[in-house]
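Residue numbers (this note's numbering): 4 to 232.
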């Protein structure tokens with residue numbers, strides 16, 4: 004059996020010593036997708052930030068690739084790609100330059116062809132020479148997603164990747180995530196989209212103030228459909 008990519012046991016996350024949610028326990032194996040679900044402000048994004056090393060856990064245990072999380076470690080950074088909701092792009096570079104620089108910086112062979120494929124897949128080919136500031140919020144979201152997929156990774160962390168995407172692009176994203184896990188990659192995502200959850204996730208973790216539970220995908224999808232009518 005493969006070793007877990009992520010092992011969280013009674014993980015507490017928060018700010019200033021105050022936890023934002025109940026302790027979180029889950030594992031994520033290679034070739035699997037775990038989705039964090041819950042109401043807005045429940046702590047999903049905070050858990051993601053702890054997993055990628057942007058936030059020190061308040062308590063419990065968190066291991067990624069069998070060891071402690073250290074975002075400063077080169078080996079850790081080469082294995083983990085993340086797309087958070089923070090518009091992290093190079094403002095002076097065009098869309099294609101941004102993706103090409105990211106690919107080359109991570110040693111991607113045939114970077115130009117890889118970038119061209121992602122531009123087409125994410126509907127950005129006509130905006131390849133545009134600066135991010137000239138894009139709509141949805142187009143910038145697609146740029147950030149493309150940047151996450153353009154580089155090598157063993158773990159992909161996505162914070163509500165469906166945000167600002169139309170249905171066709173959400174379906175395309177779902178197909179991308181399914182392909183990711185079929186190739187052996189592990190994906191941890193937070194989502195409010197029950198359709199995306201059903202399409203990609205193997206199980207879900209419901210994050211809340213009182214208790215955090217691991218749920219079957221269908222049950223979690225029904226839950227978030229009720230929370231976000």
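Heads up, the beta-carbon is just placed ideally off N, CA and C, and yes, glycines get one too.
Pairwise C-alpha distance: residue j and residue i
i, j, result
"residue 71", "residue 10", "10 Å"
"residue 195", "residue 172", "16 Å"
"residue 106", "residue 93", "14 Å"
"residue 123", "residue 155", "19 Å"
"residue 191", "residue 22", "21 Å"
"residue 33", "residue 182", "13 Å"
"residue 75", "residue 169", "35 Å"
"residue 56", "residue 73", "6 Å"
"residue 220", "residue 197", "9 Å"
"residue 126", "residue 90", "18 Å"
"residue 149", "residue 121", "6 Å"
"residue 152", "residue 113", "14 Å"
Residue i - partner residues in DSSP beta bridges
i, result
"residue 18", "21"
"residue 12", "64"
"residue 189", "158"
"residue 206", "37"
"residue 85", "160"
"residue 27", "14"
"residue 218", "207"
Cβ-Cβ distance between residue i and residue j below 8 Å
i, j, result
"residue 162", "residue 40", "no"
"residue 44", "residue 15", "no"
"residue 208", "residue 29", "yes"
"residue 99", "residue 132", "yes"
"residue 189", "residue 8", "yes"
"residue 164", "residue 146", "no"
"residue 5", "residue 82", "no"
"residue 159", "residue 84", "yes"
"residue 167", "residue 140", "yes"
"residue 36", "residue 204", "yes"
Cβ separation of residue i and residue j, assumed to be a contact under 8 Å, to the nearest whole Å
i, j, result
"residue 38", "residue 200", "5 Å"
"residue 25", "residue 211", "6 Å"
"residue 130", "residue 142", "6 Å"
Reduced DSSP category for residue i - H, G, I as helix; E, B as strand; rest coil
i, result
"residue 70", "strand"
"residue 181", "helix"
"residue 107", "helix"
"residue 49", "helix"
"residue 96", "coil"
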